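Engineer: First residue of the sequence shown? That's 1 in full-length UniProt numbering, and the numbers climb one at a time after it. Backbone N, C-alpha and C fix where the C-beta goes; we use that ideal spot for every residue, glycine too. Everything numeric in this text was worked out from a predicted model, so none of it was measured. Here it is, the structure, as structure tokens.
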Amino acid sequence: MNNWISALATLQDQGEPCVLVTIIEELGSTPRNAGSKMVISAAHTFDTIGGGHLEYKAMQLARDMLARGQQTTHLERFSLGASLGQCCGGVTVLLFEPMGQVQAQIAVFGAGHVGRALVPLLASLPCRVRWIDSRDQEFPQHIPQGVRKIISEEPVDEIADLPAGSYCIVMTHNHALDLELTAALLKRNDFAYFGLIGSKTKRVKFEHRLRDRGFDTAQLQRMRCPMGLTEVKGKLPVEIAISIAGEIIATYNANFGQHTAGAEPIAKLLPASRRSQAI
């Protein structure tokens, strides 16, 4: 799979993040022409932009972007002779485009009616879902792509394995388990979002019990209960699921796609001979 377009299609089908690197400008002697592309994943590279130190630096930059979870494109100008020591000595501008980045890691505790309505909605988003329950028989026969089914006798133990910044949804069949999951999540306190299914009455009861365990007001305020968009009415599982999914989307999209202060306009990165043509 050396062809970049085939590699990109395969990686996106597998849900594996990668970076598409394109030569968008070249001046003088360069290893490959403008338009040449390569795909870089965390572990592999596909196709080439010419090899050598340029390609090594491109791989390094792309993998740094993947490690940071960067969603925005990036431009980088390379002087092949002066900065990279390549004999061709020209100038190349590379465009780095993150592809298939996951916007949210989501943990859903509970495979009841609402969970079974919610998880397919979440699976259709640019997210990765861990679906956790102790009851194997509650899971549907078909698990959507991008969802990892976890059968655990002790669902609370799964919290330790969640990535920092996860979106956590607690909706189990057992109020006592809901309370233990809530306490464990609030104790860890590094989630991006935590929603607990239930009424205002349930929240009051949980807050009272959690205060007895030493949790303060600031920690308790991070818990969404009731959760979901209030504008979405209804008590059917699918209506509740849509409400919750809407709130998740609103939360992870809050800062997505905003212009970063450090981004430079393309004209500043072009070789001087072409810069006036681009402005």
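1. Residue 281 to LEU27, Cα distance in whole Å?
2. Of the residues LEU229, ALA241 and ASP47, which one's Cα is nearest the Cα of THR251?
3. Are the Cβ atoms of VAL119 and PRO144 separated by less than 8 Å?
4. Would you mind sorting ASP178 into buried or exposed? The rule is 16 or more other CB atoms within 10 Å of its CB.
5. If you count every other CB in all the chains shown that lies within 10 Å of the CB of ALA160, and 16 or more means buried, which is it?
6. In the structure shown, what three-state DSSP assignment does MET99 receive?
7. Give me the residue from GLY90, ALA164 and VAL170 with the minimum Cα distance to GLY115.
8. Grab me the residues of ASN255's own chain with a C-beta within less than 8 Å of its C-beta, minus the 5 sequence neighbours each way, in chain order.
9. Could you please give the first and the last residue of the uninterrupted alpha helix (DSSP H) stretch that includes GLY115?
10. Assess, as a yes-or-no matter, whether the segment 220–228 is touched by the segment 180–190 under the definition of 3 or more beta carbon pairs within less than 8 Å.
11. In the DSSP output, what is PHE78 paired with across the bridge?
12. What is the DSSP secondary structure of ALA267, reduced to helix, strand or coil?
13. Mind checking whether VAL232 and ILE242 have CB atoms under 8 Å apart?
14. So, with DSSP's three-state summary, where would you put LEU196?
15. LYS235 by DSSP, collapsed to three states: which one?
16. By the three-class DSSP mapping on this structure, what secondary structure does ALA107 have?
17. If you follow the alpha helix (DSSP H) that ILE5 is in, where does it begin and where does it stop?
18. Do ILE132 and LEU122 have their CB atoms nearer than 8 Å?
19. Does the beta-carbon distance from PRO226 to GLY198 come in below 8 Å?
20. What do you reckon, are the CB atoms on ILE23 and SER41 nearer than 8 Å?
21. If you draw a straight line from the alpha carbon of CYS87 to that of CYS127, how long is it in whole angstroms?
22. Who are ASP47's beta bridge partners in DSSP?
23. Could you tell me the distance, in whole angstroms, from the CA atom of LEU181 to the CA atom of ALA58?
Structural biologist: In short:
1. Because the chain is modelled from 1 through 279, residue 281 falls outside the range shown and cannot be assessed.
2. As a working mapping, residue 251 is identified with position 251 in the sequence shown. Measuring from the Cα of THR251, the nearest candidate turns out to be LEU229.
3. The residue given as residue 119 occupies position 119 in the sequence shown. The residue given as residue 144 occupies position 144 in the sequence shown. A contact, by the Cβ cut-off of 8 Å.
4. By 1-based counting over the sequence shown, the position of residue 178 is 178. Per the 10 Å Cβ criterion, buried.
5. Walking along the sequence shown from the start, residue 160 turns up at place 160. Per the 10 Å Cβ criterion, exposed.
6. The count along the sequence shown starts at 1 and reaches residue 99 at position 99. MET99 falls in the strand class under three-state DSSP.
7. For the purposes of this step, residue 115 is identified with residue 115 of the sequence shown, where counting begins at 1. When each option's Cα is compared against that of GLY115, the closest is VAL170.
8. Counting from one through the sequence shown, the residue named residue 255 turns up at place 255. With a pLDDT of 47 at ASN255, under the threshold of 50, the predicted position of this residue should be treated as unreliable, and no value is reported.
9. For the purposes of this step, residue 115 is taken as the residue at position 115 of the sequence shown. Residues 113–123.
10. yes
11. The residue given as residue 78 occupies position 78 in the sequence shown. According to DSSP, PHE78 bridges with THR92.
12. As a first step, residue 267 must be located in the sequence shown, where it is residue number 267. The predicted position of ALA267 is uncertain, since its pLDDT is 42 and thus under 50; a value taken from the coordinates is nonetheless stated next. Note: ALA267 maps to helix in three-state DSSP.
13. Position 232 of the sequence shown holds residue 232. Position 242 of the sequence shown holds residue 242. Yes.
14. For this step, residue 196 is matched to residue 196 along the sequence shown. LEU196 falls in the strand class under three-state DSSP.
15. Taking the sequence shown and counting its residues from 1, the one referred to as residue 235 is at position 235. Reduced to three states, the DSSP call for LYS235 is coil.
16. As a first step, residue 107 must be located in the sequence shown, where it is residue number 107. Note: ALA107 maps to strand in three-state DSSP.
17. As a first step, residue 5 is located in the sequence shown; it is residue number 5 there, counting from the start. First-last of the alpha helix (DSSP H) with ILE5: 4–14.
18. Reading the sequence shown from its first residue, position 132 is the one you call residue 132. Reading the sequence shown from its first residue, position 122 is the one you call residue 122. Not in contact: ILE132 and LEU122 (Cβ atoms no closer than 8 Å).
19. Residue 226 sits at position 226 when you count from the first residue of the sequence shown. Residue 198 sits at position 198 when you count from the first residue of the sequence shown. It is a contact, given that the beta carbons lie within the stated cut-off.
20. For this step, residue 23 is matched to residue 23 along the sequence shown. For this step, residue 41 is matched to residue 41 along the sequence shown. Not in contact: ILE23 and SER41 (Cβ atoms no closer than 8 Å).
21. As a first step, residue 87 is located in the sequence shown; it is residue number 87 there, counting from the start. As a first step, residue 127 is located in the sequence shown; it is residue number 127 there, counting from the start. Low local confidence applies: a pLDDT of 49 at CYS87 is under 50, so the model's placement there is unreliable, and no value is given.
22. The count along the sequence shown starts at 1 and reaches residue 47 at position 47. BP columns for ASP47 point to MET38.
23. Taking the first residue of the sequence shown as 1, we reach residue 181 at position 181. Taking the first residue of the sequence shown as 1, we reach residue 58 at position 58. The alpha-carbon atoms of LEU181 and ALA58 are separated by roughly 43 Å.
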